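So the sequence shown is numbered by my numbering: it starts at 2 and just counts up by one.
In this text, a Cβ means the ideal position worked out from N, Cα and C, and glycines have one as well.
All of these numbers come straight from a predicted model, not from anything done at the bench.
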Amino acid sequence: MLGQGWKSQWRRVKKGLQEVETVYAGRDGGSEEALDAVCLFFQAAHHLKDWLGNDPESGVTKSDVDDLIDGSPMLQLCADLANGSKHLALTRTRTGDTSTSIARAGVTVHVGEGTVAHNYHVQSKGNEYDVLQIARAAVRELEDFLNSKKLLD
């Protein structure tokens, strides 16, 4: 994409995490914008695998990243949430649960500040996960992987 390598997608992942943190802390905008920010994070985080696998400068194969995802419950959740939000229906799953989805949301209105904080919870395989915790864990795991490949400065 316009000569950009995998690092441009990595920047989007980190920016996406900041957006999710802002959604949780409170910001202008409504629930639709907040949910969009969450979905965009999961899409960016999951699709980093394609950017790494398609960028010869990374030295990372698609198999390397698939192995990472297969070994990480948090990255599996990211994959299912990315694909579910992108395709409406989750037909192929990394978690093993085609019903994995954002199942519950909370809203706090900060009266006087004019901001609204949102929080979201994912249901998968009978467990509930907080979206911000998933996002933070996923970024940590991706960063550890990139460091193990000596790709980050």
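Simplified DSSP assignment, three categories, for residue i
i	result
Thr-116	strand
Asp-61	Going by the sequence as given, residue 61 is Val instead of Asp. Val-61: coil per DSSP, three-state reduction.
Leu-89	coil
Gly-54	helix
Lys-15	helix
Val-5	Per the sequence shown, the amino acid found at residue 5 is Gln instead of Val. Coil.
Asp-154	coil
Residue(s) in a DSSP beta bridge with residue i
i	result
Arg-28	Val-117
8 Å Cβ shell around residue i - same chain, five flanking residues per side excluded
i	result
Leu-91	Asp-81, Asn-84, Gly-85, Thr-99, Ser-100, Thr-101, Ser-102
Ala-106	Ser-32, Leu-36, His-119, Asn-120, Tyr-121, His-122
Residues near residue i by beta carbon distance below 7 Å, same chain, minus five either side
i	result
Cys-40	Ser-86
Ala-138	Met-75
Lys-150	Gly-60, Val-61
Ala-26	Ala-118
Residues near residue i in its chain [Cβ-Cβ closer than 6 Å; skip 5 each side]
i	result
Trp-52	Trp-7, Gln-10
Leu-143	none
Glu-58	Gly-6
Original post:
Are there three or more Cβ pairs, one per stretch, closer than 8 Å when the segment 6-15 is compared with the segment 90-99?
Top reply: When Cβ pairs closer than 8 Å are counted between the two stretches, the segment 6-15 is seen not to touch the segment 90-99, the count staying below three.
**OP:** Count the C-beta pairs between the segment 54-68 and the segment 30-39 that are closer than 8 Å, then say yes if the count reaches three, no if not.
**Re:** No: fewer than three Cβ pairs fall under 8 Å.
Original post:
Considering only residues of the segment 93-148, which uninterrupted alpha helix (DSSP H) runs meet the minimum length of 4 residues and lie entirely inside it, listed in chain order?
Top reply: Unbroken alpha helix (DSSP H) stretches of 4 residues or longer found wholly inside the segment 93-148: none.
**OP:** Taking 8 Å as the threshold, find out whether the segment 37-49 comes into contact with the segment 77-93 through three or more Cβ pairs.
**Re:** Yes: the two stretches touch, three or more of their Cβ pairs being nearer than 8 Å.
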